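Sequential numbering from 64 applies to the sequence shown in the numbering used here.
Beta carbons are placed, not taken as given, at the ideal position from N, Cα and C, and that holds for glycine.
In this text, all values refer to a predicted model and were calculated from it rather than measured experimentally.
Remarks on the structure that follows.
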Amino acid sequence: MNIDQRFIRVYLRRWFGRLCFLSLSSVIFTFELVRGLSIITIHLDLIVISFIVVTLQAGIAAVSFTGMVSLSAVVFFVQLLIHRNDSTEASEMDERSMTAIVPVYKDADVLDLSVTSLLESTVPVTVCVVCESDDQPSIDRATTLASDHEAVKCLINTRYPGSKAGAINYAVEQTSSPYISVFDADESVHPRFLESALTELSECDVVQGRTVPRASGLIEAIAYYESILLSYITSRLLSIFVGFRLAASRAVVMHRDTFETVGGYDPTMLTEDYDFAYRCYKHGFDVHEQLYYASTIEAAHTVDDWWGQRKRWMSGYAQVCHMLLREWFPPRDLRSVLSIGICIGSVFGNLLLLSLTAKFVVVVLFGDTMISLGPFLAVITITALVRCVDYLQGRVDRLGWEWILTPIIFPLYGLVATKAITEYAISGVGDWYHVEKTGH
């Protein structure tokens, strides 16, 4: 195939993907809009009296959404404010017991954030910065940090180049500590996080910390509130009932045996952390969350970066779902079956955020005022309260006003999900996307 034919195929596929995206988005929104207008009659037979309630289907959806989000938020607030006493054994460890891996690529300007904060940890730690061979600025910066600090090591990823997963796997092979942790280059780690995680590891296999996007502007604030709603609030009840929790590739601490048992991170996956979490779950490993000592990370600064990063995430979720479906039969145990259900629910749950938007439109236009205000007040109140807690605990530097915009996160994320899943269904692959890091 010559270059012109290849270009035409790529061009046609791109426009076909756009057409499918617009068509699917329109179908979902229109169908749910019409469905939301349907009338539902509910009979309530009590001991003394009976009620007949006639309402719109969209009204039921709005009340259900408000109730579920509010309940999940209560659980999150309880977990957010609870922290346990750290053990003296953790603080008495030597630096050879814990390796903190920091994979970097074009991150020379922000590398000091993670390395400096890790060196300030209340437990000794060896910081292993893993660079790619074609990223000389990061190599130079990592080499300088290694020469300035005895606890910092610089590695060049020569065995599995080209991916974050490969860099982490390479670093694990080059070290021998019984505990492994992974952090992003732009991540500012709380001094007590590692100590708290090591205490927690006496009762579990993996500890996942909370990461808080630094809300320095409008786009950054949207990323911050999106993190609260879609990464933490909506997953609370799921983690309680089925025990599935994300084991990511940042702010995570684990036993070396756990990492080696699941085979490390897969370099072929767009979202290596999402894939890693499901393999941990299927192996029966117990993942705990440490929400109190949160790290701060750099958020996307532009609309293009916000969209591109989330499109890669959603493509990666679809890729993991595809992989789990291929490996599903015959199912080995209950967790193998649950993995499929959780992943499909996550992927299509994001896709159906557009349907929620349609229901809210119906409720606002034709529903009761209190019912229509419920979802908006719940979302705005929850995010504003979390922002206040984060402000009081020093995770954000101001209270801000952007929380009033949080309802727009659902349609925006729904559009990203629809775009990513449509393109993955057409091509079977997703696009890598590297977000610009500035250190703010």
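In this structure, DSSP gives Gly347 a state outside helix and strand, which the three-state scheme calls coil. With fewer than 16 neighbouring CB atoms inside 10 Å of its own CB, His346 falls in the exposed class.
Rounded to whole angstroms, the gap between the alpha carbons of Ile443 and Val424 is 17 Å. Secondary-structure assignment with DSSP links His318 through a beta bridge to Tyr242. Closest option to Ala121, judged by alpha-carbon separation, among Phe348, Phe473, Ala421: Ala421. Here the stretch 238 to 245 lies against the stretch 314 to 330, with 3 or more beta-carbon pairs under 8 Å apart. In this structure His497 is exposed. Its beta-carbon is surrounded by fewer than 16 other beta-carbon atoms within 10 angstroms. Check the Cα spacing between Asp460 and each of Arg277, Lys374, Asp338: the tightest is with Arg277. By the Cβ criterion, the stretch 200 to 215 is in contact with the stretch 158 to 170, since at least three pairs of Cβ atoms, one from each stretch, lie closer than 8 Å. A straight line joining the alpha-carbon of Tyr344 with that of Ile407 spans about 15 Å. Scanning the stretch 257 to 332 for uninterrupted beta strand (DSSP E) segments of 3 residues or longer gives 269 to 276, 315 to 318, listed from N- to C-terminal end.
In the DSSP annotation of this structure, the continuous segment of the alpha helix (DSSP H) that includes Lys422 starts and ends at 416 to 429. For Val215, the enclosing beta strand (DSSP E) starts and ends at 215 to 219. Distances from the CA of Asn220 to each of Ser302, Gly306, Asp197 were compared; the closest alpha carbon is that of Asp197.
Beyond the five residues adjoining it in sequence on each side, Leu462 comes within less than 7 Å, by CB distance, of Arg450, Cys451, Tyr454 in the same chain, given in chain order.
For Ala125, the enclosing alpha helix (DSSP H) starts and ends at 120 to 144.
Shown here, Leu401 sits in a helix according to DSSP, grouped into three states. In summary, Ile434 is buried, with 16 or more beta-carbon neighbours lying within 10 Å of its beta-carbon over all protein chains present. Looking only at Arg273, Thr501, Pro438, Thr206, the smallest Cα-Cα distance to Ile472 is reached by Pro438. By the 16-neighbour rule on beta-carbons within 10 angstroms, Ser265 is exposed. Between Val275 and Ala357, the gap from beta carbon to beta carbon is short of 8 Å.
Secondary structure note for Pro166: its beta strand (DSSP E) is the uninterrupted segment 161 to 166.
With a cutoff of 8 Å on beta-carbon distance, Thr189 and Ser240 are scored as near each other.
In the DSSP assignment, the residues bridged to Gln353 are Gly272. Between Arg313 and Glu250, the C-beta spacing is below 8 Å. Assigned with DSSP and collapsed to three states, Thr359 falls in strand.
The beta carbons of Val383 and Tyr337 sit closer together than 8 Å. Exposed is the label assigned to Pro393, since fewer than 16 other Cβ atoms lie within 10 Å of its Cβ. The beta carbon of Arg458 sits closer than 7 Å to the beta carbons of Val275, Ala357, Thr359 from its chain, once the five residues preceding and following it are set aside; these are given in chain order.
The straight-line gap separating the alpha-carbon atoms of Ala480 and Ser160 is approximately 41 Å.
Within a 10 Å sphere around the beta-carbon of Ser180 sit 16 or more other beta-carbons, which makes this residue buried.
Between the alpha carbons of Asp349 and Trp466 lies a gap of roughly 34 Å.
A direct Cα-Cα distance of roughly 11 Å separates Glu283 from Ser290. Residue range 189 to 194 is occupied by the beta strand (DSSP E) that includes Thr189, with no alpha helix (DSSP H) assigned at that position. Taking the Cα positions, Val193 is about 36 Å away from Phe140.
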